[in-house]
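Chemist: Start counting the sequence shown at 8; every next residue gets the next number (my numbering).
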Amino acid sequence: MAQLRVSAPVFGRCGEYTLRCTGELDGVSYRMLRDSVVRAAVDEPRVVIVDVNELRVPDASAWSVFSSARWHVRVWPDVPIVLVCADEAARRLIRQCGITRYVPAFATTQDALQAVGDEWPQPKRRARADLPPHVSSIVDAQRLVGGWLSGWSCTPLIPIAATVATAFVENVLRHTDSAPTLRVEYDGHVVAVAVEDASTALAQRREEARSGTSQLSGLAMVTALTRGWGNLPTPTGKIVWAAVGPENVL
8 MAQLRVSAPV
18 FGRCGEYTLR
28 CTGELDGVSY
38 RMLRDSVVRA
48 AVDEPRVVIV
58 DVNELRVPDA
68 SAWSVFSSAR
78 WHVRVWPDVP
88 IVLVCADEAA
98 RRLIRQCGIT
108 RYVPAFATTQ
118 DALQAVGDEW
128 PQPKRRARAD
138 LPPHVSSIVD
148 AQRLVGGWLS
158 GWSCTPLIPI
168 AATVATAFVE
178 NVLRHTDSAP
188 TLRVEYDGHV
198 VAVAVEDAST
208 ALAQRREEAR
218 SGTSQLSGLA
228 MVTALTRGWG
238 NLPTPTGKIV
248 WAAVGPENVL
């Protein structure tokens with residue numbers, strides 16, 4: 008049994024990332040492969056292309072690793088994921104497993120790029136700041152969010168975006184020893200707020216035995232006030248994100 012290996016993403020001239028998988032996909036390597044694909048998507052290339060020509064999949068159900076990866080990034084950063092598989096029988100099996108409903112499979116990289124088409128994603132305004140592991144970072148995050156969104160003529164979403172940033176930075180300072188990194192993006196319609204840290208422990212909305220989910224916590228507010236939020240793996244830890252649209256204006 009060959010150990011599963013996933014290449015580092017190769018950036019192509021059409022804005023794509025290409026990953027190449029070799030070895031065997033099984034219950035042990037499933038999560039590693041999923042997280043590798045998700046990490047590539049977090050960098051927000053035009054599309055993530057996964058070459059599976061040298062991937063062995065003894066159990067057909069394991070192909071779901073790619074639809075799982077797509078599910079994790081479906082809201083943010085919403086980067087398409089496609090497979091390249093020259094073996095027609097393997098592509099047929101992938102279709103029969105229902106994977107191509109979410110992750111199309113093509114015979115060649117050229118076919119995959121042609122299917123993506125010439126249209127590029129909507130341009131986004133992006134800003135990023137590394138914050139110190141200190142309580143002052145909470146105020147800094149609020150100030151930065153306000154300044155960035157004001158500069159992008161997106162003032163109505165400042166209160167909710169600043170609230171989300173506050174909750175995420177507070178969680179990093181309270182539950183990890185990390186220095187938070189704040190990311191904010193705006194595509195003209197939706198604001199994404201994300202905070203990265205060096206801990207692999209996922210951010211979770213916790214329930215108290217007596218109060219259940221009625222206890223007001225930072226993540227409870229994020230749940231109530233945003234389109235959605237989640238955790239994504241990074242090479243050094245995780246990134247927690249939330250998406251805020253016009254319907255979320257306070």
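All C-beta atoms in this analysis are idealised placements derived from N, C-alpha and C, irrespective of residue type, glycine included.
(1) Is the separation between the beta-carbon of GLY244 and that of THR188 shorter than 7 angstroms?
(2) Going by C-alpha distance, which of TRP236, LEU90, VAL197 is nearest CYS28?
(3) Do the CB positions of TYR24 and PRO65 come within less than 7 angstroms of each other?
(4) Looking only at its chain, what residues have a beta carbon closer than 6 angstroms to the beta carbon of PRO163, apart from the 5 residues adjacent to it on each side?
(5) Do LEU226 and ILE167 have their C-beta atoms closer together than 7 angstroms?
(6) Tell me where the alpha helix (DSSP H) around ALA122 begins and ends.
(7) Here's a check: name, in chain order, each residue in its chain whose Cβ is nearer than 7 angstroms to the Cβ of ALA134, leaving out the five neighbours to either side.
(8) So with Cβ pairs under 7 angstroms, would you call VAL57 a contact of chain D?
(9) If you count every other CB in all the chains shown that lies within 10 Å of the CB of ALA48, and 16 or more means buried, which is it?
(10) Tell me whether the beta-carbon of CYS21 lies closer than 7 angstroms to the beta-carbon of LEU180.
(11) Apart from the five residues just before and just after ASP137, which ones in its own chain have a Cβ nearer than 6 angstroms to its Cβ?
(12) Start and end of the beta strand (DSSP E) containing PRO240?
(13) Can you list the alpha helix (DSSP H) stretches of 4 or more residues lying completely in the region 133–212, in chain order?
(14) With burial defined as no fewer than 16 other Cβ atoms inside 10 Å of the residue's Cβ, what is the status of PHE18: buried or exposed?
(15) Among GLU95, ARG132, ALA76, ASP50, which one has its Cα closest to the Cα of ALA114?
(16) Could you tell me the alpha carbon to alpha carbon distance between LYS131 and VAL197, rounded to whole angstroms?
(17) SER143 to TYR37, Cα distance in whole Å?
Modeler: So, from the listed chains and residues:
(1) No, they are not a contact pair.
(2) For CYS28, the nearest C-alpha among the options comes from LEU90.
(3) no
(4) VAL256
(5) no
(6) 116–123
(7) Cβ neighbours of ALA134 beyond the five flanking positions: TRP155, VAL191.
(8) Protein chain content of the structure displayed is limited to a single chain, and chain D is not contained in it.
(9) buried
(10) no
(11) THR188
(12) 235–241
(13) 143–158, 165–182
(14) exposed
(15) GLU95
(16) 10 angstroms
(17) 40 angstroms
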